[in-house]
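Written below as structure tokens is the structure these notes are about.
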């Protein structure tokens, strides 16, 4: 349990549902995380037990913040899609097997006695960066998280973009290579996610090594190569890792260029584990987008790291609660 601060300003309960962990926290209107708690999702067990843990986790977070449920504005919930943010139903997220047509906001309302809203975690992340984080003060913000997959969302003219069916703004499924690698999430070929997620970077490295393309790469000595291993090898001057990373940067730059040309954001926020590569990622991507994007769009955009750290998911869920319940 994180350090907590008694709440005196308007606050919401935020719930973040991931494939590996559940998180809950109480967040004030200025973005201060007053308390937080986490526990494993254990997704293969199905939704019933996990949802019970999630509801209990929310109660723990409220108690730790020195708050009471009746004094909160409501609950915001972020989860990977597909889902329906308007009815509050998880329709079948692939990272949560068996979670089909789960009426999550209805369950939260019944448990907590106040209103609740649901949004795609990428959409929530964009709202969180706009309201509390790296996009604060800007009217046009696009957010991508480069993690297990590639998710994201957008805020245009100060309004969170959701699309006609509530799952709009999927930057990870921009096509960057026609007929390319199969995307694990959507099964289409050539998605940005199939090249720029931490999972795909690691998979491409393992495939290359298995095919003998690694030569005398130090990665050959590792039993289970990760994206972090790849970037560490790049820093060490490993030719195989460097070539793979350059391909990743080229395709990421291509995808971001398309997004920048389409939306012309003021701020393009990048988060997720892959961005821990820091200078190996941000400056090369900025150069590519500056060179490839249309002039006005390239001049308008700043590409910056996400803020919020371990609380980014909670801040996103809180942001959509403040947006939709106030």
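Numbering (this note's numbering), first residue to last: 897 to 1222. Just so it is clear, CB atoms sit at the ideal spot from N, CA and C, and this is done for glycine as well.
Buried versus exposed call for residue 1238 [16 or more other C-beta atoms within 10 Å across all chains shown]: Given a span of 897 to 1222 for the chain in the structure shown, any question on residue 1238 remains unanswerable.
Distance CB(residue 1199)-CB(residue 1182) smaller than 7 Å: yes
Residues that residue 921 bridges to, as DSSP identifies them: 910 and 932
Near the ligand GDP: residue 1195 beta-carbon under 6 Å from a heavy atom: What this structure holds is no ligand at all, so the ligand GDP is not there to describe.
Own chain, CB closer than 6 Å to residue 1282, minus 5 neighbours either side, in chain order: Here the chain comprises residues numbered 897 to 1222, so residue 1282 is not present and cannot be evaluated.
Exposure of residue 982, with buried meaning 16 or more beta-carbon neighbours within 10 Å: exposed
Backbone CA spacing between residue 1016 and residue 1055 [nearest angstrom]: Distance between the alpha carbons of residue 1016 and residue 1055: 15 Å.
6 Å CB neighbourhood of residue 996 in its chain, flanking five on each side removed: 988
Counterpart residues of residue 1198 in DSSP-defined beta bridges: 1163.
DSSP state of residue 1116 mapped onto helix, strand, coil: helix
Residue 1051, enclosing alpha helix (DSSP H) - first and last residue: Per DSSP, residue 1051 belongs to no alpha helix (DSSP H); it is in the beta strand (DSSP E), 1046-1052.
Reference residue 1004, options 913, 1070 and 1180, closest by Cα: 913
Beta strand (DSSP E) segment containing residue 972, residue limits: That run of the beta strand (DSSP E) goes 971-975.
Which of helix, strand or coil DSSP assigns to residue 900: Any reading at residue 900 is ruled out, since the residue's pLDDT is 47, under 50, leaving its predicted position unreliable.
Per DSSP, the bridge partner or partners of residue 1036: 1052
Straight-line gap, residue 969 to residue 1008 (C-alpha atoms, nearest Å): 11 Å
Residue 1074 to residue 1134 span [Cα, whole Å]: 28 Å
Nearest-angstrom Cβ-Cβ length linking residue 1167 and residue 1201, presumed shorter than 8 Å: About 7 Å; that satisfies the 8 Å criterion.
Which residues DSSP lists as bridging residue 1125, in chain order: For residue 1125, which the question treats as bridged, DSSP gives no partner whatsoever.
Complete runs of the beta strand (DSSP E) confined to the segment 963-1028 [at least 3 residues]: 971-975 and 1012-1016
Collapsed DSSP secondary structure at residue 1152 in the structure displayed: helix
Endpoints, alpha helix (DSSP H) assigned at residue 1095: Segment 1094-1106, the alpha helix (DSSP H) holding residue 1095.
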